[in-house]
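Residue numbers (the working numbering), protein chains in the order written: chain R, 2 to 224; chain V, 49 to 301.
Don't be surprised by glycine CBs; every beta carbon is placed ideally from N, CA and C.
Just below is one structure, and these are the notes that go with it.
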């Protein structure tokens with residue numbers, strides 16, 4: 002039954018080569034904790050991806066209830082937290098997941114750095130990885146404002162102030178960042194759009210590149 | 049034997065008999081063997097994560113209030129090292145901390161593969177790269193810690209929010225156009241609040257229930273040095289009397 006379904010699709014779309022590219026390869030011994038426990042450091046990248054997936058999922062569910070305007074944003078977060086079934090849990094996943102992504106990604110970066118895995122021919126993948134890091138920091142910065150509570154508002158106010166301190170072009174950066182002269186309604190919609198449309202697009206593109214390059218170049222050999 | 053029968057099915061035993069003797073020892077097919085193990089690790093990781101979430105519910109502070117600039121801002125913890133860096137470049141050189149240094153650090157990080165371009169990979173065999181990263185790491189941890197400590201110190205130095213738990217439920221002011229009320233609004237409201245709900249000083253809603261006018265005159269005249277000056281900073285005894293007379297009327301329940 003499964004075999005027949007698979008063959009039917011394969012005849013029409015030729016998915017076997019794609020499937021082979023993704024799944025049919027051997028995992029070398031030195032990255033497999035089943036061989037040597039210390040190889041667990043090679044898990045950090047995969048765990049980062051796992052948490053990014055849970056961030057995307059919990060974010061999608063939060064977006065069902067969240068309202069990005071200054072009158073309702075706070076109330077909708079309150080509603081998610083207090084009224085929605087499992088809302089407290091989903092919000093908790095998204096909140097704590099944000100920190101966990103940073104932690105796991107940082108550990109992954111340290112592993113790559115200290116094992117010298119970024120050396121030729123994998124330089125480009127390192128650059129993509131650093132860009133992913135910056136994008137994730139962008140997620141953190143924009144997402145922090147969305148609950149529209151005091152903590153969120155004043156942290157972003159400081160961020161805007163810092164942007165303004167850039168010589169010559171500071172005030173233009175600030176205007177682009179907060180969408181006007183004051184931190185308010187336009188800032189919230191802008192940060193929401195960046196958080197749920199612009200940055201995810203960028204992140205998924207970069208992650209795609211990251212994984213394609215790993216498959217193309219293979220994982221770096223043992224030290 | 050039944051035992052052997054099972055062994056062929058648990059993840060970790062090879063999915064197929066290796067025919068290729070040239071493969072290095074210890075390699076394992078990604079699918080399904082290695083992926084199943086990864087899933088186990090991932091599942092355990094998620095369970096720990098979910099437990100953490102259940103026991104650490106996320107708080108929501110008060111709704112954003114753009115006119116309340118007394119709120120002490122604090123970025124999320126992973127931005128703290130950058131936030132702390134700014135404090136070392138105050139005033140007109142802040143751009144050194146906000147643009148130049150982070151810019152240099154980010155550029156060095158991106159260019160790492162070209163700066164550290166020897167063939168060797170072991171961290172002990174490339175001391176410059178390794179020590180540079182260890183040092184930056186220690187610096188980041190220290191600055192994050194320092195930002196946290198300074199934030200806590202700042203919070204501790206802030207005047208404490210007055211305890212309003214014993215305040216009467218009815219907070220409507222009695223006789224808000226009284227001359228005493230006008231004196232209060234200019235001289236006393238800064239600490240006790242224009243609505244009498246208290247700021248740095250205690251709330252005065254319902255103060256008339258506890259004290260009569262004479263007692264209030266006495267209390268204001270003495271003050272509470274050093275927090276409240278004698279006469280509460282009022283110019284004359286007459287003003288004290290007018291304020292006390294108005295406060296004595298505040299008998300909210």
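- Would a check of beta-carbon distances place residue 112 of chain V closer than 7 Å to chain R? yes
- Item | Top-ranked residue by Cα proximity to residue 20 of chain R, from R:222, R:220, R:223 and R:216 | It is R:216.
- Query: Any C-beta of chain V sitting closer than 7 Å to the C-beta of residue 127 of chain R?
  - Reply: Closer than 7 Å to some Cβ of chain V, the Cβ of residue 127 of chain R qualifies, so yes.
- Message: Going by beta-carbon coordinates alone, are residue 32 of chain R and residue 76 of chain V separated by less than 7 Å?
- Response: no
- Please go through the same chain and pick out, in chain order, the residues whose beta-carbon is closer than 8 Å to the beta-carbon of residue 124 of chain V, but skip the five residues on each side of it. Nothing meets the Cβ criterion.
- If you compare alpha carbons, which of R:95, R:160 and R:66 is closest to residue 81 of chain R? R:66
- Task: Please report how far the alpha carbon of residue 303 of chain V lies from the alpha carbon of residue 182 of chain R, in whole angstroms.
- Result: The first residue shown for chain V is 49 and the last is 301, placing residue 303 of chain V beyond what the model contains.
- Query: Any idea what DSSP makes of residue 97 of chain V, helix, strand or coil?
  - Reply: helix
- Query: For residue 201 of chain R, which of helix, strand or coil comes out of DSSP?
  - Reply: helix
- Query: With distances taken between CB atoms, is the gap from residue 301 of chain V to residue 211 of chain V smaller than 7 Å?
  - Reply: no
- Are any of the Cβ atoms in chain V nearer than 7 Å to that of residue 22 of chain R? no
- Message: Measuring alpha carbon to alpha carbon, tell me which residue in R:114, R:188 and R:199 is nearest residue 179 of chain V.
- Response: R:114
- Using the Cα positions of residue 151 of chain V and residue 109 of chain V, report the straight-line distance between them to the nearest angstrom. 33 Å
- Message: Short of 8 Å in beta carbon distance, which residues of its chain neighbour residue 184 of chain V, apart from the five on each side in sequence? Order them along the chain.
- Response: Answer for residue 184 of chain V: 153, listed in chain order.
- Task: Compile a chain-ordered list of the residues in the stretch 157–169 of chain V whose CB is closer than 9 Å to at least one CB of chain R.
- Result: Residues are counted here when their Cβ sits less than 9 Å from a Cβ of chain R; for the stretch 157–169 of chain V these are 157, 158, 159, 160, 161, 162, 164, 165, 166, 167, 168 and 169, given in chain order.
- residue 136 of chain V at chain R interface by Cβ criterion, 7 Å: no
- Task: Give every residue of the same chain whose Cβ lies closer than 6 Å to the Cβ of residue 227 of chain V, excluding the five residues on either side of it in the sequence, and list them in chain order.
- Result: 290
- Query: Any C-beta of chain V sitting closer than 7 Å to the C-beta of residue 51 of chain R?
  - Reply: yes
- Message: Applying the 10 Å Cβ sphere with the 16-neighbour rule, what's the burial state of residue 92 of chain R?
- Response: Under a 10 Å Cβ-count criterion, residue 92 of chain R is classified as buried, with 16 or more other Cβ atoms of the shown protein chains found around its own Cβ.
- Message: Using a Cβ-Cβ distance cut-off of 7 Å, determine whether residue 168 of chain R contacts chain V.
- Response: yes
- Task: Just mark residue 81 of chain V as buried or exposed, buried being the case when its beta carbon has 16 or more other beta carbons within 10 Å.
- Result: buried
- Message: 7 Å is my cut-off, CB to CB: does residue 208 of chain R come that close to chain V?
- Response: no
- Query: Three-state secondary structure (DSSP) at residue 102 of chain V?
  - Reply: helix
- Message: Quick check on residue 52 of chain V - is its C-beta less than 7 Å from some C-beta in chain R?
- Response: In this prediction, residue 52 of chain V scores a pLDDT of 43, lower than 50, which makes its location untrustworthy; the coordinate-derived value is nonetheless stated afterwards. Not one beta carbon of chain R lies nearer than 7 Å to the beta carbon of residue 52 of chain V.
- Does the beta-carbon of residue 152 of chain R have 16 or more other beta-carbons within 10 angstroms, so that it is buried, or is it exposed? So residue 152 of chain R ends up on the buried side.
- So what does DSSP say about residue 285 of chain V, is it helix, strand or coil? helix
- Near residue 43 of chain R, what residues of its chain come up, given a Cβ to Cβ distance below 6 Å and the 5 sequence neighbours on each side ignored? 32
- Query: Short check: CB of residue 174 of chain R to CB of residue 161 of chain R, under 7 Å?
  - Reply: no
- Message: Does residue 272 of chain V come out as helix, strand or coil in the three-state DSSP assignment?
- Response: strand
- Is the distance from the Cβ of residue 166 of chain R to the Cβ of residue 142 of chain V below 7 Å? yes
- Message: Can you confirm whether residue 108 of chain V, when its beta carbon is compared against all beta carbons of chain R, has any partner nearer than 7 Å?
- Response: yes
- Tell me whether residue 141 of chain V sits in a helix, a strand or coil according to DSSP, three-state version. helix
- Would you decide whether residue 25 of chain R is buried or exposed? Buried here means 16 or more other CB atoms lie within 10 Å of its CB. exposed
- Alpha carbon to alpha carbon, what distance is there between residue 69 of chain R and residue 212 of chain R? Computed Cα separation, rounded: 33 Å.
- DSSP-derived helix/strand/coil call for residue 128 of chain R: helix
- Query: Is the shortest distance between the beta-carbon of residue 152 of chain V and the beta-carbons of chain R less than 7 Å?
  - Reply: no
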